[in-house]
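Reading through the structure tokens given below for one structure.
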Amino acid sequence: MTGKVLVAYGTTNGSTAQIAETIADVLRKAGLRAEALPARSVASVSSYDAVVIGGGLYAGRWHKDTRRFVRRHGRALAGRPLWLFSSGPLDASASERDIPPVPGVKKAMARLDAREHVTFGGCLEEGAKGWVAGMILRSGKGGDFRDFTVIEDWAGRVAAELRDGVHRSHCPVVVVPGD
323 MTGKVLVAYG TTNGSTAQIA ETIADVLRKA GLRAEALPAR SVASVSSYDA VVIGGGLYAG
383 RWHKDTRRFV RRHGRALAGR PLWLFSSGPL DASASERDIP PVPGVKKAMA RLDAREHVTF
443 GGCLEEGAKG WVAGMILRSG KGGDFRDFTV IEDWAGRVAA ELRDGVHRSH CPVVVVPGD
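Numbering (my numbering), first residue to last: 323 to 501.
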């Protein structure tokens, strides 16, 4: 595939935007045309051949802009190769194990036939907006837990699948012994 890839994201303090930009950079280095845009600014996905959607996690839910993007563009997204990511754990858990999608994201995955979801560590540092963010920081639980090597590796796998034209079959493959 040599088409255009959208990396749409929802973020409050910019750390998910940095993840999205990193993903788009990896896709471009792999020879794809990719752009990262705030989910709220995307009017249509019709000019994109594939989409990656990411959102920061807040109280167990994707960022509101990401949720709205999925609702607004659901029909168009269902017909395209689609990957999802979340960012948010403010500890090393995302680097230590696979964290399943939160319930709302899991429903979106099924409804849109997304190929994959991954959860990356989050980032919350001094100057973050919001009362809850301030409380978290005052309690000493902030920090940057994003692992850009893991993010780049994941984006590289997405790029390889797109570039090499790997398509999933919606029909089960039956292997008959002796064939």
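All C-beta atoms in this analysis are idealised placements derived from N, C-alpha and C, irrespective of residue type, glycine included. All figures in this text were calculated on a predicted structure; none of them were measured in a lab.
Beta bridge pairing from DSSP links Arg383 with Tyr380. Per DSSP, reduced to three states, the secondary structure at Arg355 is strand.
Contact between Arg485 and Gly353 holds, since their C-beta atoms are separated by about 6 Å, short of 8 Å. For Gly464, same chain residues with a beta-carbon under 7 Å away, outside a window of 5 residues either side, are Leu412, Leu446, Glu447, Ile458 in chain order.
According to the DSSP assignment, Gly332 belongs to the beta strand (DSSP E) that extends over 326-332. With a cut-off of 8 Å on Cβ pairs, the stretch 371-382 is in contact with the stretch 402-421, counting three or more such pairs. For Ala365, there are no CB contacts under 8 Å within the same chain when 5 residues up- and downstream are skipped.
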